[in-house]
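Chemist:
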Amino acid sequence: MSDTKTRPAPKAAVILTPAAEQRVADLMAKAPADAIGVKLSTPRRGCSGLAYSVDYVTEEAKFDEKIETPGGVFYIDGASVLYLIGSTMDWVEDDFTAGFVFENPNAKGACGCGESFMV
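Residue numbers for the sequence shown follow this note's numbering, beginning at 2 and rising by one.
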């Protein structure tokens with residue numbers, strides 16, 4: 002009998018709702034041939050300093066977090082993980098808009114248009 006304990010799998014930095022997972026699947030179904038997944042990053046822009054950006058990715062970066070979803074691989078930019086820990090990513094559609102919506106416990110404020118946030 003072994004003395005080593007089995008560790009539980011680490012929790013992902015971002016939780017994707019079923020709607021967000023489905024959107025990743027939809028994006029991957031029509032992705033460019035060289036795309037290996039979809040990547041979330043937080044580039045510096047907007048009124049509050051950081052914005053959410055979701056794009057196709059063609060190569061895996063060393064420090065990116067990798068989340069396997071039923072519809073494809075979802076990456077989180079390694080430099081953005083600290084700003085996103087504990088966040089939930091959802092896909093929301095209504096009569097006028099459609100887009101990813103983030104519930105981020107690290108955000109200390111956001112601009113009025115909702116396009117950027119600060120930590």
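Glycine included, each C-beta is placed from N, C-alpha and C at the ideal position.
My assumption, with CB atoms under 8 Å, is that M29 sits in contact with V15. Please give the rounded CB distance.
Modeler: Working through the sequence shown from its first residue, we reach residue 29 at position 28. Working through the sequence shown from its first residue, we reach residue 15 at position 14. The pair is not a contact, with the Cβ atoms about 17 Å apart (cut-off 8 Å).
Chemist: Cβ atoms of V102 and D91: under 7 Å apart, would you say?
Modeler: Stepping through the sequence shown from its first residue, residue 91 is reached at position 90. Stepping through the sequence shown from its first residue, residue 102 is reached at position 101. Cβ atoms of D91 and V102: closer than 7 Å.
Chemist: How should R46 be labelled, buried or exposed, when 16 other C-beta atoms within 10 angstroms of its C-beta is the threshold for buried?
Modeler: Stepping through the sequence shown from its first residue, residue 46 is reached at position 45. Answer is exposed; the Cβ neighbour count stays below 16.
Chemist: Could you tell me the boundaries of the alpha helix (DSSP H) in which Y57 lies?
Modeler: Mapped onto the sequence shown, residue 57 falls at position 56. Taken as a continuous stretch (DSSP letters only), Y57 belongs to no alpha helix (DSSP H), being part of the beta strand (DSSP E) at 54-58.
Chemist: Between which residues of its own chain and K31 is the CB-CB distance below 7 Å, once the five residues before and five after are set aside?
Modeler: Indexing the sequence shown from 1 puts residue 31 at position 30. Cβ within range, chain order: n/a, list empty.
Chemist: Could you check what DSSP says for E22 in three-state terms: helix, strand or coil?
Modeler: The count along the sequence shown starts at 1 and reaches residue 22 at position 21. It is helical.
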